[in-house]
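**Student:** Read left to right, the sequence shown gives residues 95 to 827 (the working numbering).
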Amino acid sequence: MATIPPPVFSVPPPLPPGWTEHLGPTGQPYYFNAQTGESTYVRPLPAFPIIPQAAALAVPATAAVAGAAAAGTAPKKPKKEKPVVKTPIPGTEWLRSVWTVPDEIKEAVEQLEREEALKKAEEAEEAAKRAEEERAKGVERIQREVHEKVSKRKAEEVMPVDEIVVSKKAKVAGEAEEDEDMGEEDDDDDDESEEEEWQREAAAQLAKEAEEEKRRQEEEKKRQEEEARKLKEAEKQKGMPQINMPERVDLSIDEAKALFKTLLREKNINPLHPWDTSLPLFVSDPRYVLLPSVSARREAFDEYCRERARELRESKVKVEKETLDPRQEFERLLKEEVKSTRTSWTEWRRQWKKDRRFYGWGRDDREREKRFREYLKELGEQKRLAALKAEKDFFALLKESGLAKPGAIWKDIKKHLVSDPRYDAVGSSSLREELFNTYIKAGASDAPSESSAPGNASDSLSAQAPAEDEEERERRRRERKERAVREREEKVRAERSKVEADIDRSKMGLTKEEGELEFRTMLTDAIRDPQVSWEAVQPQLQKDPRFVNSPLPLNQQLHLFHAHVNSLRVKHLATLHALFASNAPALNTPFTALPVASLLSSLPATKLGYTVEDLEREYDKWQRERWTDARAAFDQMLSENSFVEFWGRLGKMDAKGVNVSIKNEDLGDDEEEEQVDMKALAKNVDLKEMIKVLKNDRRYLVFDHVPEQREQWLRDYLSQLSAPTLSVHVPEK
């Protein structure tokens with residue numbers, strides 16, 4: 095049988111030098127460069143080409159792991175890489191370590207090092223060659239300058255004596271003037287020696303000047319390189335702004351939190367976005383690590399989100415207040431939302447009372463209601479005028495069309511008028527037909543004279559207009575009256591049906607209570623397992639006539655079923671907690687100290703279907719509740735103990751400035767009455783005396799496993815006590 099070749103897994107390329115891989119708070123890997131301080135979620139690629147053998151090396155390793163798994167042995171966990179040498183750096187907390195080159199990139203790294211060494215050697219050779227050339231040029235320049243000056247001096251010797259410039263050697267010039275009578279031979283010797291000395295001085299001076307010129311050029315070159323480097327760094331920082339933070343900053347939590355919030359504000363983090371979404375936007379900033387833990391950063395992030403959201407909300411409200419006029423907004427709300435004159439103020443107020451346009455204007459609801467009712471009157475008048483105008487326009491439309499003649503049928507006429515906007519202005523189709531009939535009647539009465547005088551129809555129409563208006567008003571009045579009667583009848587019917595429904599419900603009340611009691615009895619008889627579900631128990635319940643004939647609705651049956659199951663569960667949990675209490679008398683008893691096997695086989699654990707994990711979870715929950723109850727009982731014990739309260743309050747009287755003393759009644763009658771200072775006694779009653787009083791109380795003994803915390807609770811209670819109020823009979827100092 096052919097064997098399946100092992101799968102080949104791709105190995106990610108190695109990280110460049112200086113980069114390290116880490117896991118973020120969400121488990122996502124990120125990469126950090128310690129030299130540049132840069133962080134990124136994108137894996138950086140090496141500068142050298144990836145060796146193909148690196149991917150091939152993963153195949154034997156994978157095959158070995160697969161073989162080990164097939165043989166039944168788990169592969170060994172790779173050892174964690176550790177530095178070979180750790181050299182402490184003086185004055186810092188850092189260590190210098192040695193980096194071991196991985197085998198898969200060893201050849202590439204060696205090739206890179208050889209290229210770098212060769213490049214450095216070439217640069218050093220070129221620098222030496224340039225220095226040698228500059229030195230040779232300097233020597234040639236010095237020799238040329240010396241030769242030029244010597245030639246110039248020889249040329250100047252043939253000049254007359256009165257034009258010779260005084261030499262640098264004043265002494266030699268003076269001696270030449272005093273010995274002018276000497277022979278020509280002595281003058282020639284002095285001139286030759288002076289010439290040789292002057293040449294040496296000139297050569298030394300030129301060499302010194304050349305040396306200084308070379309030094310100045312080197313310094314100028316260094317200065318230019320430094321300026322270029324600084325300019326390059328400035329451009330880099332300008333292109334990618336970063337904040338240079340020291341490696342170690344000693345800040346308080348509040349200061350670090352303030353800087354972290356400043357970072358979030360600078361990045362303009364959206365307060366509505368969650369932590370995981372916003373984290374990549376600021377995790378690379380050095381101020382991210384000022385807070386010591388992820389929980390502290392998330393807490394500061396949540397505070398920033400609340401503060402920023404409140405600021406945005408307040409600014410929005412402020413802008414609205416500044417830009418909008420409350421009176422105009424209220425009027426706009428009336429125009430947009432009140433469309434009918436039958437709108438009720440109570441309903442409209444209930445609907446819009448939380449709108450800023452509603453409560454932003456007016457001293458109170460009385461003023462708003464007054465304006466509301468005024469607007470209803472204005473709206474009614476507007477609608478009345480609009481209706482009259484629509485009727486007049488409709489009559490004008492009929493007149494212009496020339497189709498409204500005696501004997502004309504409205505169904506045939508309206509097809510030709512439907513496209514005119516004056517037709518739609520009359521909202522009711524029945525009203526259009528009535529207006530048409532009115533127009534026909536007004537025109538039919540003057541039909542004979544219409545052929546002789548075209549203007550008679552319009553005159554008769556205008557003459558009968560007042561009578562038609564009166565008839566129209568009477569008709570509308572009758573319609574309103576009939577509509578009011580119909581609405582009243584509907585309201586009476588609704589009230590009657592409501593009363594009848596209440597009577598029926600009251601009659602069914604007793605039957606419902608009896609059915610509920612019978613249904614609960616049936617559940618008690620049929621269901622004793624707290625883990626059963628409604629779907630599983632329904633076939634069993636359908637065999638019981640009490641379930642089939644129950645008058646209760648389905649939702650109430652479900653409610654009673656869940657209440658019964660919860661009561662069973664609570665009863666078994668109480669029994670299980672009693673078993674916990676018998677096996678764990680102390681608050682610090684661990685779960686491993688309990689007889690787990692015995693508890694698992696007990697009736698409550700079996701009924702509840704608990705496993706070991708469920709039992710441990712329930713025990714931890716019970717221990718937490720037990721600790722809370724014991725802590726409350728400890729506080730109650732302290733408040734009930736009069737000894738602790740009396741001496742604790744008396745110890746706070748140092749700042750009162752009063753003299754509190756009592757007579758010592760233990761002394762005999764013959765001795766003078768001695769005053770005992772109560773404040774001095776209060777100083778002697780320390781924490782140990784109070785512990786002696788409390789140590790026999792069961793509420794105190796239950797915390798024997800945490801004596802330091804118990805003592806701290808007692809100290810906190812004493813610190814919260816105040817000094818007792820003084821009587822008027824206590825003298826002040």
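Backbone N, C-alpha and C fix where the C-beta goes; we use that ideal spot for every residue, glycine too.
Would DSSP call Leu-646 helix, strand or coil?
**Tutor:** In the sequence shown, the residue the question calls residue 646 occupies position 552. If DSSP states are grouped into helix, strand and coil, Leu-646 belongs with coil.
**Student:** Is the distance from the Cβ of Phe-685 to the Cβ of Phe-728 below 8 Å?
**Tutor:** Position 591 of the sequence shown, counting from 1, holds the residue named residue 685. Position 634 of the sequence shown, counting from 1, holds the residue named residue 728. No.
**Student:** With distances taken between CB atoms, is the gap from Ala-350 to Leu-375 smaller than 8 Å?
**Tutor:** Sequence index remark: in the sequence shown, residue 350 carries index 256 (1-based). Sequence index remark: in the sequence shown, residue 375 carries index 281 (1-based). No, these two residues do not count as a Cβ contact at 8 Å.
**Student:** Would you kindly check if the distance between the Cβ of Arg-402 and the Cβ of Pro-368 is under 8 Å?
**Tutor:** Counting from 1 along the sequence shown, the entry for residue 368 is found at position 274. Counting from 1 along the sequence shown, the entry for residue 402 is found at position 308. Cβ distance not < 8 Å, so Pro-368 and Arg-402 don't count as in contact.
**Student:** Apply the 10 Å Cβ neighbour rule to Glu-183 and answer buried if 16 or more other Cβ atoms are within range, or exposed otherwise.
**Tutor:** Position 89 of the sequence shown holds residue 183. With the sequence shown as reference, residue 183 is identified as Ile, and Glu is not the correct amino acid for it. Exposed, by the Cβ-count rule.
**Student:** Express the C-alpha separation of Arg-711 and Leu-702 in angstroms, rounding to a whole number.
**Tutor:** Position 608 of the sequence shown, counted from the start, is the residue given in the question as residue 702. Position 617 of the sequence shown, counted from the start, is the residue given in the question as residue 711. Leu-702 and Arg-711: Cα-Cα distance of roughly 13 Å.
**Student:** Roughly how many angstroms separate the alpha carbons of Gly-268 and Glu-320, rounded to a whole number?
**Tutor:** Here residue 268 refers to the residue found at position 174 when the sequence shown is read from its first residue. Here residue 320 refers to the residue found at position 226 when the sequence shown is read from its first residue. With a pLDDT of only 46 at Gly-268, under the threshold of 50, the placement of this residue in the model should not be trusted; the figure read from the coordinates follows. In a straight line, the C-alpha of Gly-268 is about 54 Å away from that of Glu-320.
**Student:** Mind checking which residues open and close the beta strand (DSSP E) that includes Lys-180?
**Tutor:** In the sequence shown, residue 180 corresponds to position 86, counting from 1. Taken as a continuous stretch (DSSP letters only), the beta strand (DSSP E) holding Lys-180 covers 180-182.
**Student:** Among the candidates Arg-467, Glu-527, Trp-455, whose CA atom is the shortest distance from the CA of Glu-485?
**Tutor:** Against the sequence shown, residue 485 aligns to sequence position 391. Closest by alpha carbon: Glu-527.
**Student:** Quick check: what's the CA-CA separation for Glu-201 versus Leu-139?
**Tutor:** By 1-based counting over the sequence shown, the position of residue 201 is 107. By 1-based counting over the sequence shown, the position of residue 139 is 45. Between Glu-201 and Leu-139, the C-alpha separation is close to 17 Å.
**Student:** Per DSSP, Ser-133 forms a beta bridge with which residues?
**Tutor:** To locate residue 133, count along the sequence shown from 1; it is residue 39. Paired residues: Phe-126.
**Student:** Is it the case that the Cβ atoms of Ala-480 and Phe-530 are separated by a distance below 8 Å?
**Tutor:** The residue given as residue 480 occupies position 386 in the sequence shown. The residue given as residue 530 occupies position 436 in the sequence shown. Against a cut-off of 8 Å, the Cβ pair of Phe-530 and Ala-480 comes out as no contact.
**Student:** For Pro-645, which option in Arg-614, Lys-606, Asn-677 has the closest C-alpha, if you only look at C-alpha atoms?
**Tutor:** Translated into positions along the sequence shown, residue 645 becomes position 551. The residue with the shortest Cα to Cα distance from Pro-645 is Lys-606.
**Student:** Taking the alpha-carbon positions, what's the Ala-724 to Val-800 distance?
**Tutor:** Working through the sequence shown from its first residue, we reach residue 724 at position 630. Working through the sequence shown from its first residue, we reach residue 800 at position 706. Cα to Cα, Ala-724 sits roughly 13 Å from Val-800.
**Student:** Measuring CB to CB, does Thr-435 end up less than 8 Å from Leu-473?
**Tutor:** Stepping through the sequence shown from its first residue, residue 435 is reached at position 341. Stepping through the sequence shown from its first residue, residue 473 is reached at position 379. Their beta carbons are under 8 Å apart, which means Thr-435 touches Leu-473 by this criterion.
**Student:** Just to confirm my understanding: we take Pro-624, look at its own chain, exclude 5 residues before and 5 after, and list those with CB closer than 7 Å. What are they?
**Tutor:** The residue you call residue 624 lines up with position 530 of the sequence shown. Val-659, Leu-662, Arg-663, His-666, Lys-701, Leu-702.
**Student:** With DSSP run on the structure shown, which of helix, strand or coil describes Trp-716?
**Tutor:** Numbered from 1 along the sequence shown, position 622 holds the residue referred to as residue 716. In this structure, Trp-716 counts as helix in the three-state DSSP scheme.
**Student:** Contact between the stretch 668-682 and the stretch 650-658 is defined here as three or more beta-carbon pairs at a separation below 8 Å; is this criterion met?
**Tutor:** Segments in contact, no.
**Student:** Please tell me whether Phe-674 and Trp-741 are closer than 8 Å, where the distance is taken between their beta carbons.
**Tutor:** Indexing the sequence shown from 1 puts residue 674 at position 580. Indexing the sequence shown from 1 puts residue 741 at position 647. Their beta carbons are not under 8 Å apart, which means Phe-674 does not touch Trp-741 by this criterion.
**Student:** His-653 by DSSP, collapsed to three states: which one?
**Tutor:** Along the sequence shown, one-based indexing puts residue 653 at 559. In this structure, His-653 counts as helix in the three-state DSSP scheme.
**Student:** Name the DSSP bridge partner or partners of Trp-113?
**Tutor:** For the purposes of this step, residue 113 is identified with residue 19 of the sequence shown, where counting begins at 1. For Trp-113, which the question treats as bridged, DSSP gives the partners Asn-127.
**Student:** What are the partner residues of Leu-837, as DSSP defines its beta bridges?
**Tutor:** The question about residue 837 has no answer here: the residues shown for the chain are numbered 95 through 827.
**Student:** Identify whether Ile-363 lies in helix, strand or coil by the three-state DSSP scheme.
**Tutor:** As a position in the sequence shown, residue 363 is number 269, starting the count at 1. In this structure, Ile-363 counts as coil in the three-state DSSP scheme.
**Student:** Taking Cβ positions, are Ser-495 and His-510 nearer each other than 8 Å?
**Tutor:** For this step, residue 495 is matched to residue 401 along the sequence shown. For this step, residue 510 is matched to residue 416 along the sequence shown. In this structure, His-510 lies closer than 8 Å to Ser-495 by Cβ.
**Student:** For the alpha helix (DSSP H) that contains Ser-378, what are its first and last residues?
**Tutor:** Within the sequence shown, the letter at position 284 stands for residue 378. Per DSSP, Ser-378 belongs to no alpha helix (DSSP H) and is neither H nor E.
**Student:** Going by C-alpha distance, which of Glu-739, Glu-612, Gly-121, Arg-381 is nearest Leu-815?
**Tutor:** The count along the sequence shown starts at 1 and reaches residue 815 at position 721. Comparing Cα positions, the closest option is Glu-739.
**Student:** Any idea if Thr-618 is buried or exposed, counting beta-carbon neighbours within 10 angstroms, 16 or more meaning buried?
**Tutor:** By 1-based counting over the sequence shown, the position of residue 618 is 524. Per the 10 Å Cβ criterion, exposed.
**Student:** Let me know if Val-233 comes out buried or exposed under the rule of 16 or more other beta-carbons within 10 Å of its beta-carbon.
**Tutor:** Taking the sequence shown and counting its residues from 1, one reaches residue 233 at position 139. By the 10 Å Cβ count, Val-233 comes out exposed.
**Student:** Specify, as a first and last residue, the run of the alpha helix (DSSP H) that Lys-448 falls within.
**Tutor:** Along the sequence shown, one-based indexing puts residue 448 at 354. It is not in any alpha helix (DSSP H) - Lys-448 carries neither H nor E in the DSSP assignment.
**Student:** From what residue to what residue does the alpha helix (DSSP H) around His-510 run?
**Tutor:** As a position in the sequence shown, residue 510 is number 416, starting the count at 1. That run of the alpha helix (DSSP H) goes 504-511.
**Student:** Alpha carbons only, please: which of Ala-726, Arg-743, Phe-737, Ala-817 is nearest the one belonging to Arg-804?
**Tutor:** One-based indexing of the sequence shown puts residue 804 at position 710. Ranking the options by Cα distance to Arg-804, first place goes to Ala-726.
**Student:** Go ahead and pull the three-state DSSP assignment for Phe-728.
**Tutor:** In the sequence shown, residue 728 corresponds to position 634, counting from 1. Phe-728 falls in the helix class under three-state DSSP.
**Student:** DSSP on Val-690, reduced to helix/strand/coil?
**Tutor:** Your numbering for residue 690 matches position 596 in the sequence shown. In the structure shown, Val-690 sits in a helix (DSSP, three-state: H, G or I).
**Student:** Taking the alpha carbon of Ala-620 as the point to measure from, which residue in Gly-609, Pro-633, Arg-718 has its own alpha carbon closest?
**Tutor:** As a position in the sequence shown, residue 620 is number 526, starting the count at 1. Out of Gly-609, Pro-633, Arg-718, Pro-633 has the C-alpha closest to the C-alpha of Ala-620.
**Student:** What would DSSP say about Gln-634, mapped onto helix, strand or coil?
**Tutor:** As a working note, residue 634 is residue 540 in the sequence shown. Correct three-state label for Gln-634: helix.
**Student:** Which of the three DSSP states, helix, strand or coil, is assigned to Phe-674?
**Tutor:** Your numbering for residue 674 matches position 580 in the sequence shown. Note: Phe-674 maps to helix in three-state DSSP.
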